[in-house]
Structures are given as structure tokens and as C-alpha cells.
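Enquirer: Protein sequence lines correspond, in order, to chains A and B. If you want the working numbering, it's the position in the first sequence, counting the first as 1, plus 7. If you want the working numbering, it's the position in the second sequence, counting the first as 1, plus 214. Beta carbons: idealized from backbone N, C-alpha and C, even for Gly. Have a look at the structure that comes next, please.
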Amino acid sequence: QKEVEQNSGPLSVPEGAIASLNCTYSDRGSQSFFWYRQYSGKSPELIMSIYSNGDKEDGRFTAQLNKASQYVSLLIRDSQPSDSATYLCAVYSWGKLQFGAGTQVVVTP
Amino acid sequence: ETGVTQSPTHLIKTRGQQVTLRCSSQSGHNTVSWYQQALGQGPQFIFQYYREEENGRGNFPPRFSGLQFPNYSSELNVNALELDDSALYLCASSLDSPRYGYTFGSGTRLTVV
Chain A
8 QKEVEQNSGP
18 LSVPEGAIAS
28 LNCTYSDRGS
38 QSFFWYRQYS
48 GKSPELIMSI
58 YSNGDKEDGR
68 FTAQLNKASQ
78 YVSLLIRDSQ
88 PSDSATYLCA
98 VYSWGKLQFG
108 AGTQVVVTP
Chain B
215 ETGVTQSPTH
225 LIKTRGQQVT
235 LRCSSQSGHN
245 TVSWYQQALG
255 QGPQFIFQYY
265 REEENGRGNF
275 PPRFSGLQFP
285 NYSSELNVNA
295 LELDDSALYL
305 CASSLDSPRY
315 GYTFGSGTRL
325 TVV
């Protein structure tokens, strides 16, 4: 079992719609959770961090954390073509940051 | 503009050779980690250094080694290169621990032929 799991996609989303990305993790002791955006050929860029159960909103992005169910999600509202990228879920566990394989999002006009 | 710089940006090596990749951490960041990202996959943790000591290692063989220097710059060395070592190598830094996330460098694309 992988420590951090994501659906690989691609997730096709019409422009203006909501993109919903999910991530599950195996270590119940995990403390910090992150979403990174990675454009093709570029390095990951931190877009959201969340540390406690519930929702956290930042602009068009909302991260949701449920530690009991061991999942974290990311919502992208009013999706734009510039949101087309791979979104990486990362979990801080055992002193290091572990990444999922990423979900590719394609926003279609 | 990222505070983490990596060099070189691209590199082509022959199987069996050795390579050194370099990273300059963001100012004040005393923790650095190196990741390998193969095409279509997420970054895989290689190892982490804190104040010049390795304090975490992923499932990579000993031919992957590193150093962190007093100025918090670091190196990743890979010996006896294999074709499967072809990947994007990412350096990431943080203050004390990655508990609050990492800042990534732009990466080094290594191709082994």
C-alpha cells in the first residue's frame, strides 16, 4: 500500500466548473498536509497547506481534511485554463514529506 | 522567484558514469531534501539533511549520496549511473523541518544514455 494515494486522472473539467481532487494517506500520525501544483516540465509549487480537520479556503482553492477517514481533498472553483496542471498531494509523516503520484487536471474551454 | 537554486538545469550522462547535482537553499533554511521524479510519477524521497547531518533516507541504494555544507548548500551524488536514473531531480528546503512545507528548486533534468 502506497503511503499517499491519488487518482491519476486526467480529470477533465469545463471552464468555470469546480474541480474536485482527492487524496488518501496511510499514516494516522501524519500532521501536515499540502497540495502542490506542477506544470509540465516545472517544479512543484505550494498552493495550499492544512493542519487541522475542516476546510481551509484561499481564493478559488479550498482544502478539506478529515483525519478520521485519512483523506484530504482540494476543490478548485471557477476553473480556468491556467489551472491545467498536475496536482500533487503531500503528507508530512515520520519527519519527511511524502508525495502522491499526482492528479492531472485538464480545464477545457 | 524561488529562493532555491539548482544547477545544472539539464544534464546528459552515460550509463556507469558519476554525477553531482548542486543546490543552494533558500536563505536561512537549514533543512534540505532531495527528490527524484520520474516521468508521470510523484516525487520520491531520496534523503534529507538537517544542519549537515543526514536525518532521513528513502528507498534508494547507497550509490545515491549527499552532502550539506555549512552555508546550507548541498549536493546529490549518484555513482554508477543506470538508465532508470533518468529523471527530474528536485531539491527542496525548509526552516528546521518540512512540517510546514517545502520550497522547491527548479530541478535538474538528468538523462542517462
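(1) Can you pull out the residues from the region 69-94 of chain A whose beta carbon lies closer than 7 Å to at least one beta carbon of chain B?
(2) Taking Cβ to Cβ, would you say Glu-289/B is nearer than 8 Å to Leu-225/B?
(3) Where Glu-215/B and Gln-255/B are concerned, what is the direct C-alpha to C-alpha distance, given to the nearest angstrom?
(4) Interface residues of chain A around Tyr-316/B at Cβ under 7 Å?
(5) Could you tell me the distance, in whole angstroms, from the CA atom of Gly-321/B to the CA atom of Leu-81/A?
(6) Determine the burial state of Trp-248/B: buried for a count of at least 16 other Cβ atoms within 10 Å of its Cβ, exposed for fewer.
(7) Taking only three categories from DSSP, how would you classify Glu-215/B?
(8) When the Cα atoms are used, what is the spatial distance from Ser-37/A to Asn-14/A?
(9) Just mark Leu-253/B as buried or exposed, buried being the case when its beta carbon has 16 or more other beta carbons within 10 Å.
(10) Is there a C-beta anywhere in chain B that falls below 8 Å from the one on Tyr-32/A?
(11) For the putative contact between Asp-90/A and Val-112/A, defined by C-beta atoms under 8 Å, what is the C-beta separation to the nearest angstrom?
(12) Taking only beta-carbon positions, decide if Leu-53/A is within less than 8 Å of chain B.
(13) Could you have a look at Leu-253/B and say whether DSSP puts it in helix, strand or coil?
(14) Got a sec, what are the start and stop residues for the beta strand (DSSP E) His-224/B sits in?
(15) In the region 230-294 of chain B, which residue ranges form an unbroken beta strand (DSSP E) of at least 3 residues, counting only runs that do not cross its ends?
Expert: To lay it out plainly:
(1) Result list empty, no residue passes.
(2) In this structure, Leu-225/B does not lie closer than 8 Å to Glu-289/B by Cβ.
(3) The pLDDT assigned to Glu-215/B is 43, lower than 50, so where the model puts this residue is not dependable, and the model offers no usable value.
(4) Ordered by position in chain A, the residues that pass the 7 Å Cβ test against Tyr-316/B are Leu-104.
(5) Approximately 25 Å between the Cα atoms of the pair.
(6) It counts as buried.
(7) The predicted position of Glu-215/B is uncertain, since its pLDDT is 43 and thus under 50; a value taken from the coordinates is nonetheless stated next. Residue state, collapsed to three classes: coil.
(8) Near 20 Å, if we compare the C-alpha coordinates of Asn-14/A and Ser-37/A.
(9) Counting the other Cβ atoms within 10 Å of the Cβ of Leu-253/B gives fewer than 16, which makes it exposed.
(10) No, no contact with chain B.
(11) The beta-carbon distance between Asp-90/A and Val-112/A, rounded to whole angstroms, is 6 Å. This is short enough to meet the 8 Å contact definition.
(12) Answer yes: the Cβ-Cβ gap between Leu-53/A and chain B drops below 8 Å somewhere.
(13) Under the three-state reduction of DSSP, Leu-253/B is assigned to coil, being neither helix nor strand.
(14) According to the DSSP assignment, His-224/B belongs to the beta strand (DSSP E) that extends over 224-227.
(15) You should have 233-238, 245-251, 258-264, 267-271, 278-282 and 287-292.
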